[in-house]
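Chemist:
Protein chains in written order, with our numbering: chain A, 2 to 487; chain B, 166 to 430.
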């Protein structure tokens, strides 16, 4: 059994990380290191207003303090050598870096990179109904369908552009969900973020297409620090997708992003991520440190935010997309599939903070561990004293492939209102020899059987993904099951 | 029972010894099955019936330590379980496995198309497949809603067994092994399952019906009956042997092991 299963998994393993190529493009980078000069330089390059520079500098000072006090979080169930924050390049951008108005002005090498990744930036060959903002290293290189969206009053552009063209919106909402001093990595991001995506859906508008950001790290030695800010005004609806890849390098690269979502009365935001950063090699060399802060505020009554994530990449994932349910009758949802293989480590989960009355949250987490992967679910459900009749349902399932991997569950519950209903269910199972044999006895190859069983295990989450992503995610789960069962 | 022209055997077991873990279960099985024949294998609990089924299907935890298992003259032990399946060997499981989140339709379509591709036929598309399934579901009196449910998840014992027979009907195996398909079935379910099986009998198909009780053989009438005890076939005969067993019980066979050993040859 073990041998033939190994063989099947090894076959899968031979499907290398497909996105590991490096684009040969001239880029402009600052010297490694972090100080006020770097922050001022980034801000100046973007032509930012004074208030934003001030905000960045406050974040920098706070971060340097934290650094001095060694306040880098250590509570997560992950292990990595300490990061030298003075050796990271905090800004890298493809040259030339003038504002581009049409795709013709973009370096063709860049366009080819995205084509290779399966992301078409040319609107003629578009993925039907998906508007894309492409972020390459630190800057946004192209946003498609901008004009069409603008007709409905929808703003979808790079963060830098939003700062220039919609400063009031940015100033009002930036840091309103994740304050600059929120945590170590968010604080670093606030000081040095270079770009990201911005979207605003006006009152009563249902965004007619999926909005999507595609993040790509290319340059060596750089960190990627992007910031996404998404606002759904009263009664608005938007579905947002996020995808990520990086070249194969034998150094670790830091990705510390911040995502803030704001949903006003009756607004709904669906935020889906397929994260496939380079996971490192079999021995755990290289790979992305994915230390990300994602949080949504259901500010309005009856508002709803749903996070769906499929996390298959990164050497280390530290990520807790959360919802603050402020508005009465608001709803928060978290659907997650996380897979760790080789020597990948993931500590991921969510926080559901119930503030308003009749607020409801659902957590469905599916963790898959293979190889020497270590996987932790960490989730907090907090029911505040005024959250009458709040309800939460949590389900955390872990699937183990092989005997050298691990699955851990850390649920935290804080209930301060007696009328709350909180349910938590957790299961851990091993992929069954019986299940595999049953499939194989019906003529299904071992490789297909594993992929089928894993996809079945994740179904509750995968069905929450938009169509285009669901297929990609299913394939990814198959590919990511690299030589693991011993 | 004797035929004028004997066809080449489809399945031949020669002095097969097998073990599961440390336990030696089969201790020298000889058995020949030709196309079109239905053989029943009976025996008390622990006699090695299920191990025999697993030897044929290739369950990884069962190891053949001695002897030969030939299917169309090919050494089966060199083939992986899925290759055996593709060659036309089907095991109706005693305990069908649940696969959460994978719909019955998806599973069965994947299985059928794997076989079709192996045979060089075109894959069936969703519509063609649905048509085939609808037709075959009548055989086992299953409702269509079963197809959208996860494989065996939350099925009753009887539903699981019917689902096995449905799979068998769709995959049209050449050699079907029914491992205690009657266990846990009430009389109505037994009749439905048996009529499904009988509908699949044909000159090119063979069956190995493994059972503890004679009851099933009232519905699926075998050409040959073999009695397994302590890892050996201790007696072979026609369908009347099953009735004799029912009357006298397995104890009757264990009285004179020496003589019985001779009979088996």
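Even glycine gets a Cβ: it sits at the ideal position worked out from N, Cα and C.
Owing to the predicted nature of the structure, the values given are computational and were not obtained by experimental measurement.
Between the C-alpha atoms of residue 276 (chain A) and residue 386 (chain B), what's the straight-line distance to the nearest angstrom?
Modeler: Those two C-alpha atoms are separated by around 58 Å.
Chemist: What residue does the alpha helix (DSSP H) around residue 439 (chain A) start on, and which one ends it?
Modeler: Per DSSP, residue 439 (chain A) belongs to the alpha helix (DSSP H) from 434-442.
Chemist: From the DSSP output, read off the bridge partner residues of residue 366 (chain B).
Modeler: Looking at the DSSP assignment, residue 366 (chain B) forms no beta bridge with any residue, so it has no partner.
Chemist: Any Cβ of chain B within less than 8 Å of the Cβ of residue 439 (chain A)?
Modeler: Yes - at least one Cβ of chain B is within 8 Å of the one on residue 439 (chain A).
Chemist: What residue does the alpha helix (DSSP H) around residue 294 (chain B) start on, and which one ends it?
Modeler: Unbroken alpha helix (DSSP H) run through residue 294 (chain B): 291-304.
Chemist: Taking 8 Å as the CB-CB cut-off, is residue 315 (chain B) touching chain A?
Modeler: Closer than 8 Å to some Cβ of chain A, the Cβ of residue 315 (chain B) qualifies, so yes.
Chemist: Taking the alpha helix (DSSP H) that residue 160 (chain A) falls in, what are its first and last residues?
Modeler: Here the alpha helix (DSSP H) through residue 160 (chain A) covers 160-166.
Chemist: Using a Cβ-Cβ distance cut-off of 8 Å, determine whether residue 460 (chain A) contacts chain B.
Modeler: Taking Cβ atoms only, chain B reaches closer than 8 Å to residue 460 (chain A), which makes this a yes.
Chemist: Under 7 Å between beta-carbons, which chain A residues line up against residue 264 (chain B)? List them in chain order, please.
Modeler: Under the 7 Å cutoff, chain A gives 436, 454 and 457.
Chemist: Looking at C-beta atoms only, is the number of pairs between the segment 413-421 of chain A and the segment 442-462 of chain A that lie closer than 8 Å three or more?
Modeler: No: the two stretches stay apart, fewer than three of their Cβ pairs being nearer than 8 Å.
Chemist: So which of B:221, B:307, B:281 and B:324 has the shortest CA-CA distance to residue 261 (chain B)?
Modeler: Residue B:324 is the option with its Cα nearest to residue 261 (chain B).
Chemist: Roughly how far, in whole angstroms, is the beta-carbon of residue 283 (chain A) from the beta-carbon of residue 303 (chain A), given that I think they are within contact range, below 8 Å?
Modeler: At roughly 49 Å, the Cβ-Cβ gap does not stay under 8 Å, so residue 283 (chain A) and residue 303 (chain A) are not in contact.
Chemist: Say whether the segment 347-357 of chain A touches the segment 308-323 of chain A, bearing in mind that this needs 3 or more beta-carbon pairs closer than 8 Å, one atom from each stretch.
Modeler: Yes, the segment 347-357 of chain A is in contact with the segment 308-323 of chain A.
Chemist: Would you report the Cα separation of residue 388 (chain A) and residue 175 (chain A), rounded to the nearest angstrom?
Modeler: Each residue's Cα considered, the two are about 26 Å apart.
Chemist: Can the beta-carbon of residue 260 (chain A) be found less than 8 Å from the beta-carbon of residue 305 (chain A)?
Modeler: Taking 8 Å as the Cβ cut-off, residue 260 (chain A) and residue 305 (chain A) do not qualify as a contacting pair.
Chemist: Provide the residue(s) that pair with residue 227 (chain B) in DSSP beta bridges, ordered along the chain.
Modeler: Paired residues: B:185.
Chemist: Can you tell me the Cα-Cα spacing of residue 291 (chain A) and residue 345 (chain A), whole angstroms?
Modeler: Taking the straight line from one Cα to the other gives about 11 Å.
Chemist: Thinking residue 277 (chain B) and residue 335 (chain B) are a contact (beta carbons under 8 Å), I'd like their distance in whole angstroms, please.
Modeler: About 6 Å separates the two Cβ atoms, so the contact holds.
Chemist: On the DSSP bridge assignment, give the partners of residue 299 (chain A) in chain order.
Modeler: Answer is A:264 and A:326.
Chemist: Since residue 447 (chain A) meets chain B, which of its residues come closer than 9 Å, beta carbon to beta carbon?
Modeler: In chain order: 245, 246 and 247.
Chemist: Helix, strand or coil: how does DSSP classify residue 173 (chain B) here?
Modeler: Looking at residue 173 (chain B) - three-state DSSP - the assignment turns out to be coil, as it is neither helix nor strand.
Chemist: Mind checking whether residue 239 (chain A) and residue 208 (chain A) have CB atoms under 8 Å apart?
Modeler: In contact: residue 239 (chain A) and residue 208 (chain A) (Cβ atoms closer than 8 Å).
Chemist: Can you have a look at residue 100 (chain A) and say buried or exposed, based on whether 16 or more other CB atoms are within 10 angstroms of its CB?
Modeler: Note that residue 100 (chain A) scores 47 on pLDDT, short of 50, meaning its location in the model is unreliable; the coordinates nonetheless yield the value given after this. Label assigned to residue 100 (chain A): exposed.
Chemist: Helix, strand or coil: how does DSSP classify residue 246 (chain B) here?
Modeler: Three-state result, residue 246 (chain B): helix.
Chemist: Should residue 99 (chain A) be flagged as near chain B, meaning a C-beta pair shorter than 8 Å?
Modeler: Confidence is the limiting factor: at residue 99 (chain A) the pLDDT is only 47, short of 50, which leaves the residue's position unreliable, though a coordinate-based value still follows. False, the Cβ-Cβ gap to chain B never drops below 8 Å.
Chemist: Can a CB atom of chain A be found closer than 8 Å to the CB of residue 364 (chain B)?
Modeler: Closer than 8 Å: no.
Chemist: Which of the three DSSP states, helix, strand or coil, is assigned to residue 461 (chain A)?
Modeler: Helix at residue 461 (chain A).
Chemist: Could you compute how far the alpha carbon of residue 181 (chain A) sits from the alpha carbon of residue 188 (chain A)?
Modeler: Rounded to the nearest angstrom, the two C-alpha atoms are 5 Å apart.
Chemist: Just verifying my parser: in three-state terms, what is the DSSP assignment at residue 411 (chain A)?
Modeler: Note: residue 411 (chain A) maps to strand in three-state DSSP.
Chemist: Just to check my reading of the structure: residue 160 (chain A) and residue 198 (chain A) have Cβ atoms closer than 8 Å, yes? What is that Cβ distance to the nearest angstrom?
Modeler: Contact flag correct, Cβ pair sits at about 6 Å.
Chemist: Output the distance between the C-alpha atoms of residue 367 (chain A) and residue 401 (chain B), rounded to the nearest integer angstrom.
Modeler: Each residue's Cα considered, the two are about 52 Å apart.
Chemist: Three or more C-beta pairs closer than 8 Å, one from the segment 309-318 of chain B and one from the segment 345-363 of chain B: is that the case here?
Modeler: Counting Cβ pairs under 8 Å, fewer than three are found: no touch.
Chemist: Taking C-beta pairs closer than 7 Å, name the residues in chain A that residue 222 (chain B) reaches, listed in chain order.
Modeler: Going along chain A in sequence order, the residues near residue 222 (chain B) (Cβ under 7 Å) are 442.
Chemist: Could you name the residues that DSSP lists as bridge partners for residue 39 (chain A)?
Modeler: Beta-bridge pairing links residue 39 (chain A) to no other residue.
Chemist: So residue 279 (chain B) packs on residue 444 (chain A), CB below 8 Å; how close in whole Å?
Modeler: Between residue 444 (chain A) and residue 279 (chain B) the Cβ distance is about 4 Å, and since that is below 8 Å, they are a contact.
Chemist: Can you name the residues of chain B whose CB is closer than 8 Å to the CB of residue 301 (chain A)?
Modeler: Result: empty, since nearest Cβ-Cβ is about 34 Å, beyond 8 Å.
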